[in-house]
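Notes follow once the structure below has been shown.
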Amino acid sequence: MEARVLRVNLSDGSTRVEVYGEEVLRHYVGGRGLAAYLMAKEVDPKVDPLSPENKLIFAPGPLSGTSAPTGGRYNVVTKSPLTGFIAFANSGGHFGAELKHAGWDLLVVEGKAEKPVYIYVNDDAVEIRDASHLWGKLSSETEEALREEVGVEKAKMAFIGPAGENLSLIAAVMNDRARAAGRCGVGAVMGSKNLKAVVVVGGKGAPRAADRERFMQAVREKVNKLRNDPVAGGGAPKYGTAVLVNIINENGLYPYRNFQESVFERAHEQSGEAMAAKYLIRNKPCFACPIGCSRVNRLFYLEDEVEGPEYETVWAFGSDLGIADLHTIILANHLCNELGFDTISAGTTLACAMELYEKGYIKREELGEEPPLLFGNTEVPIYYLPKMARREGFGARMADGSYRLASAYGHPELSMSSKKLELPAYDPRVAQGLGLQYATCNRGGDHIKGYMISPEILGYPRKFDPQDDSEAKVAMVKEFQDTTTLVDSMGMCIFTMFGLWIDDYRDLLNAFFGWNLSSEEYLRIGERIWNLERAFNLKAGLTRADDTLPRRLLEEPIPSGPHRGSVCRLDKTLPIYYRLRGWNEDGTIPDSKMEELGIGWYR
Amino acid sequence: MVRVKLFATLAQIAGRREVEVEATSTSQLLQRLYELFGEPFRKELEQGMIMLVNGHDVEHLRGMETPLQDGDTVSLFPPAGGG
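So the protein sequences, as listed, match chains A and B.
First residue of the first sequence: 10, per my numbering; consecutive thereafter.
First residue of the second sequence: 308, per my numbering; consecutive thereafter.
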């Protein structure tokens with residue numbers, strides 16, 4: 010088994026092929042793990058993220074493009090211009106699988122083109138083509154134009170919208186029309202390279218497993234397990250991820266008005282149930298997915314149908330802005346998809362602006378004739394999102410996320426972010442484990458790379474009191490982070506973690522690679538990758554002070570709801586976390602730990 | 308009376324989003340709901356559920372022995388996930 014890496018240098022127009030063998034794969038598996046390895050080997054952690062010296066890696070995993078359930082995922086890995094640390098933004102759809110069907114495990118983009126270009130990959134034929142005529146186009150326009158241009162109906166593509174072109178630090182890399190590798194401003198890195206799109210046509214078929222019979226048997230077994238799972242096989246397809254709206258709100262951790270409160274009285278109006286009743290047309294599964302959680306919804310008067318929104322987006326343009334109206338949320342989500350924005354960061358940035366306005370730091374006069382930034386004002390997302398993407402009017406102030414906006418007004422504490430990445434839709438003053446995840450994730454304020462809501466609220470793999478802040482809870486955060494890192498690196502969707510666990514992933518990987526590693530050894534791979542990413546961040550300048558949360562969440566008690574009076578007790582959990590990780594008290598990694606994990610070469 | 312809020316498929320099966328029942332414990336409340344809404348309702352909760360009393364999961368209270376009082380609010384969900 011080997012990994013084939015395609016390198017495209019946009020500065021000199023050259024392409025190169027590299028092959029990584031078994032030895033590297035046994036250490037990093039592939040996907041996000043292999044990309045982290047290349048970032049550590051090749052990219053100066055202090056590099057300006059928007060300079061030609063940064064690299065942009067498209068990283069499906071070894072199981073992407075196979076029949077493994079949800080094997081359609083890929084990561085975009087680079088140094089983030091938003092956080093200044095490593096970025097890994099994950100997306101579904103079909104692009105990642107297509108890249109594998111073209112015979113590539115990784116696509117590494119280097120340098121910077123002189124003018125807008127796109128990369129066309131048709132199996133082994135790779136071309137850099139002019140994209141001047143596509144610059145400025147929305148996602149749907151870009152995809153239509155490119156599909157016509159390459160003349161292949163089944164072509165799959167990843168691209169940026171106007172937000173990425175204009176180097177918005179919260180821009181996403183989009184694919185398959187409305188899927189997003191959303192977080193950490195990876196779209197701005199693509200824009201900085203003058204790369205509008207990557208178009209892929211794969212004719213080589215699915216990657217072959219080393220032990221085909223064993224692999225097919227493992228696939229059948231895991232698909233059945235997911236189909237019979239009450240969440241993956243039932244709740245998720247029926248109501249989509251937005252089924253969480255009512256659950257999270259009833260549990261008292263659905264942030265309202267920029268985390269000023271954590272219960273929204275009108276949450277049910279934007280729930281998955283309401284969406285299914287009023288707007289849902291059908292589900293739209295990603296490649297090889299037996300779950301099919303994505304929604305296709307009606308957008309009245311404008312388009313017949315649009316994709317999304319997911320739970321996080323419902324919250325970001327709903328409760329976080331004090332907005333109940335689901336139609337506004339569907340429209341805002343559609344705008345983000347067309348403009349190429351990370352919905353969590355875009356919504357949270359608007360919420361931050363609203364609080365700055367409410368507190369009088371942003372003055373009415375400053376907005377001129379533009380809409381007042383009032384909580385609950387449905388005009389705000391619809392009006393400002395296109396302005397943000399094009400850096401026009403007051404939109405220009407909000408184009409680089411909430412931290413830079415709030416800092417410009419002297420109030421960075423009003424940015425609900427960690428490491429400058431906007432926080433998602435759960436109040437960490439309730440879910441103590443998730444709070445620790447927010448503060449310690451290598452890519453910044455993220456929920457999904459250690460999704461503690463699963464045990465803390467939903468009960469998978471077992472129920473764990475959200476307010477528990479014991480060592481057992483911290484150990485579970487570590488286990489979730491390491492397991493998720495493995496799943497991410499395999500090229501599978503982390504939603505499989507509602508029905509599968511480490512032994513299942515072991516079965517799939519062993520059969521695919523023809524290995525006989527234990528579950529512990531696979532967890533070790535996750536831990537190795539996590540530490541390598543951390544080591545990159547430390548070299549980039551990360552200190553213990555970065556592993557934190559906004560002051561509000563650490564010091565201001567929740568004002569109402571079932572968890573009234575609670576704060577996030579990070580001061581208790583963080584030192585335990587460092588200890589369980591085998592790190593020093595200042596959050597650095599001891600040389601001995603690096604050696605133990607086999608990454609001593611990156612000291 | 309205890310106020311019960313039903314969500315997702317449970318609201319569909321019951322044909323309503325809220326109901327008031329007389330119950331002094333969570334197990335008694337569940338029994339009352341099964342009587343009211345029948346076998347499909349019970350079946351829906353066979354593989355697990357999320358039951359909150361005043362916003363707190365009964366798992367972290369006293370499970371199915373959790374006492375209920377007049378004016379309590381119970382939120383009931385079938386198994387669910389997302390993110």
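Note that CB positions come from ideal geometry on N, CA and C, so glycine has one too.
Taking C-alpha atoms, which residue in A/Phe504, A/Met501, A/Leu579, A/Gln490 lies nearest to glycine 535 of chain A?
Within the first sequence, the letter at position 526 stands for residue 535 of chain A. Residue A/Gln490 is the option with its Cα nearest to glycine 535 of chain A.
Sorted by chain position, which residues of the same chain lie with C-beta nearer than 6 Å to glycine 442 of chain A's C-beta, five sequence neighbours on each side aside?
Here residue 442 of chain A corresponds to residue number 433 of the first sequence, with the count starting at 1. Taken in chain order, the residues that qualify are Met461, Glu465, Lys482, Val486.
Taking Cβ positions, are alanine 614 of chain A and isoleucine 598 of chain A nearer each other than 8 Å?
No statement about residue 614 of chain A is possible, as the shown extent of chain A runs from 10 to 612 and does not include it.
When the Cα atoms are used, what is the spatial distance from leucine 336 of chain B to serine 427 of chain A?
Here the question's residue 336 of chain B lines up with position 29 in the second sequence. Here the question's residue 427 of chain A lines up with position 418 in the first sequence. Answer to the nearest angstrom: the Cα atoms are 42 Å apart.
What residue from A/Ala285, A/Thr322, A/Phe296 has the CA that sits closest to valine 305 of chain A's CA?
Residue 305 of chain A sits at position 296 when you count from the first residue of the first sequence. Answer by Cα proximity: A/Ala285.
Examine chain A for any beta-carbon lying closer than 8 Å to the beta-carbon of glutamate 366 of chain B, and answer yes or no.
Within the second sequence, residue 366 of chain B is the residue found at index 59, counting from 1. Answer yes: the Cβ-Cβ gap between glutamate 366 of chain B and chain A drops below 8 Å somewhere.
Taking a cut of 8 Å between CB atoms, which residues from the region 230-260 of chain A lie near chain B?
Against chain B - using a Cβ distance shorter than 8 Å - the residues of the region 230-260 of chain A are Pro239, Val240, Ala241, Gly243, Gly244, Ala245, Lys247, Tyr248, Gly249, Thr250, Ala251, Val252, Leu253, Asn255, Ile256, Glu259, Asn260.
Starting from the beta carbon of isoleucine 357 of chain B, find every residue of chain A whose beta carbon is closer than 8 Å, and list them in chain order.
By one-based count along the second sequence, residue 357 of chain B stands at place 50. Those within 8 Å of isoleucine 357 of chain B in chain A are Ile256, Ile466, Leu467, Gly468.
To the nearest angstrom, how far is the alpha carbon of glycine 327 of chain A from that of valine 439 of chain A?
Reading the first sequence from its first residue, position 318 is the one you call residue 327 of chain A. Reading the first sequence from its first residue, position 430 is the one you call residue 439 of chain A. The alpha-carbon atoms of glycine 327 of chain A and valine 439 of chain A are separated by roughly 20 Å.
So, are the CB atoms of asparagine 184 of chain A and methionine 199 of chain A less than 8 Å apart?
Reading the first sequence from its first residue, position 175 is the one you call residue 184 of chain A. Reading the first sequence from its first residue, position 190 is the one you call residue 199 of chain A. No.
Any idea if glutamate 152 of chain A is buried or exposed, counting beta-carbon neighbours within 10 angstroms, 16 or more meaning buried?
Counting from 1 along the first sequence, the entry for residue 152 of chain A is found at position 143. Counting Cβ neighbours within 10 Å, glutamate 152 of chain A comes out buried, since at least 16 surround it.
Against chain B, with Cβ distances strictly below 8 Å, would glycine 442 of chain A count as a contact?
On the first sequence, residue 442 of chain A is found 433 positions in, with the first residue counted as 1. It does not: the Cβ of glycine 442 of chain A has no partner Cβ on chain B nearer than 8 Å.
May I have a chain-ordered list of the beta strand (DSSP E) segments no shorter than 3 residues that lie completely inside the region 198-272 of chain A?
204-210, all fully within the region 198-272 of chain A.
Which whole runs of the alpha helix (DSSP H) in the region 363-420 of chain A are 4 residues long or more, in chain order?
You should have 373-376, 388-399, 404-407, 411-417.
Suppose the cutoff is 7 Å on Cβ atoms and the five residues either side in sequence are ignored; what does the same chain contact list for threonine 387 of chain A look like?
Here residue 387 of chain A corresponds to residue number 378 of the first sequence, with the count starting at 1. Result list for threonine 387 of chain A: Ile332, Asp334, Thr337, in chain order.
Mind pulling the chain A residues with CB within less than 8 Å of glycine 362 of chain B?
Position 55 of the second sequence, counted from the first residue, corresponds to residue 362 of chain B. Ordered by position in chain A, the residues that pass the 8 Å Cβ test against glycine 362 of chain B are Glu259, Asn260, Gly261, Gly570, Pro571, His572.
How big is the Cα-Cα spacing for glutamine 279 of chain A and isoleucine 511 of chain A?
Along the first sequence, read from residue 1 onward, the residue named residue 279 of chain A stands at position 270. Along the first sequence, read from residue 1 onward, the residue named residue 511 of chain A stands at position 502. Rounded to whole angstroms, glutamine 279 of chain A to isoleucine 511 of chain A spans 34 Å at the Cα level.
Look up isoleucine 357 of chain B in the DSSP assignment and give the residues it is bridged to.
Start at 1 with the first residue of the second sequence, and residue 357 of chain B comes out as number 50. B/Phe384.
What residues are listed by DSSP as bridge partners for tyrosine 29 of chain A?
Reading the first sequence from its first residue, position 20 is the one you call residue 29 of chain A. Answer is A/Ala12, bridged to tyrosine 29 of chain A.
How about leucine 558 of chain A and tyrosine 393 of chain A: are their beta carbons less than 8 Å apart?
Position 549 of the first sequence, counting from 1, holds the residue named residue 558 of chain A. Position 384 of the first sequence, counting from 1, holds the residue named residue 393 of chain A. Cβ atoms of leucine 558 of chain A and tyrosine 393 of chain A: not closer than 8 Å.
Is the region 203-213 of chain A touching the region 97-112 of chain A in the sense that three or more CB pairs, one from each, lie closer than 8 Å?
Yes, the region 97-112 of chain A touches the region 203-213 of chain A.
Threonine 87 of chain A lies in the beta strand (DSSP E); which residues open and close that run?
Translated into positions along the first sequence, residue 87 of chain A becomes position 78. Per DSSP, threonine 87 of chain A belongs to the beta strand (DSSP E) from 83-88.
Compare the C-beta of aspartate 474 of chain A with all C-beta atoms of chain B and state if any pair is closer than 8 Å.
Residue numbering aside, residue 474 of chain A sits at position 465 when the first sequence is read from its first letter. Interface residue, yes.
So that I know if they touch, is there some Cβ in chain B lying closer than 8 Å to that of phenylalanine 504 of chain A?
Translated into the one-based positions of the first sequence, residue 504 of chain A becomes position 495. Answer yes: the Cβ-Cβ gap between phenylalanine 504 of chain A and chain B drops below 8 Å somewhere.
Can you find a C-beta in chain A that's less than 8 Å from the C-beta of threonine 373 of chain B?
As a working mapping, residue 373 of chain B is identified with position 66 in the second sequence. Chain A contact via Cβ: absent.
Excluding the five sequence neighbours on either side, which residues of its own chain have a C-beta within less than 6 Å of the C-beta of lysine 458 of chain A, listed in chain order?
Taking the first residue of the first sequence as 1, we reach residue 458 of chain A at position 449. For lysine 458 of chain A, where only same-chain residues beyond five positions count, the Cβ hits under 6 Å are Cys450, Thr493.
Relative to the C-alpha of alanine 297 of chain A, which candidate in A/Val56, A/Arg515, A/Ser73, A/Leu563 has its C-alpha closest?
As a working mapping, residue 297 of chain A is identified with position 288 in the first sequence. Per the Cα distances, A/Ser73.
Classify phenylalanine 473 of chain A: buried if its beta carbon has 16 or more other beta carbons within 10 angstroms, exposed otherwise.
By 1-based counting over the first sequence, the position of residue 473 of chain A is 464. Result: buried.
For valine 365 of chain B, collect the residues of the same chain with a Cβ closer than 8 Å to its Cβ; drop the 5 residues on either side in sequence, then sort them by chain order.
Numbered from its first residue, the second sequence carries residue 365 of chain B at position 58. Thr333, Met358, Leu359, Met371, Thr373.
Listed from N- to C-terminal order along the chain, which residues in the region 445-465 of chain A have their beta-carbon within a distance smaller than 8 Å of any beta-carbon of chain B?
The region 445-465 of chain A vs chain B, Cβ under 8 Å: His456, Ile457, Tyr460, Ile462, Ser463.
Ends of the beta strand (DSSP E) at leucine 115 of chain A?
The sequence position of residue 115 of chain A within the first sequence is 106, counting from 1. Element bounds for leucine 115 of chain A: 115-119.
Quick check on the burial criterion: 16 or more other C-beta atoms within 10 angstroms. Buried or exposed for glycine 249 of chain A?
Walking along the first sequence from the start, residue 249 of chain A turns up at place 240. Counting Cβ neighbours within 10 Å, glycine 249 of chain A comes out buried, since at least 16 surround it.
Which residues in the same chain have their Cβ closer than 8 Å to the Cβ of alanine 206 of chain A, if we skip the five residues on either side of it in sequence?
Locating residue 206 of chain A in the first sequence gives position 197, where the first residue counts as 1. Closer than 8 Å at Cβ, skipping near neighbours: Tyr127, Ile128, Ala140, Leu143, Thr151, Leu155, Met166, Ala167, Phe168, Ile169.
Could you tell me the alpha carbon to alpha carbon distance between arginine 41 of chain A and leucine 343 of chain B, rounded to whole angstroms?
Numbered from its first residue, the first sequence carries residue 41 of chain A at position 32. Numbered from its first residue, the second sequence carries residue 343 of chain B at position 36. Going from the Cα of arginine 41 of chain A to the Cα of leucine 343 of chain B covers about 51 Å.
For the region 214-226 of chain A against the region 520-539 of chain A, are there 3 or more C-beta pairs whose distance is under 8 Å?
As far as the Cβ criterion goes, the region 214-226 of chain A touches the region 520-539 of chain A, which means the pair count is three or higher.
From which residue to which residue does the alpha helix (DSSP H) around phenylalanine 522 of chain A run?
By 1-based counting over the first sequence, the position of residue 522 of chain A is 513. Where phenylalanine 522 of chain A is concerned, the enclosing alpha helix (DSSP H) stretches over 511-522.
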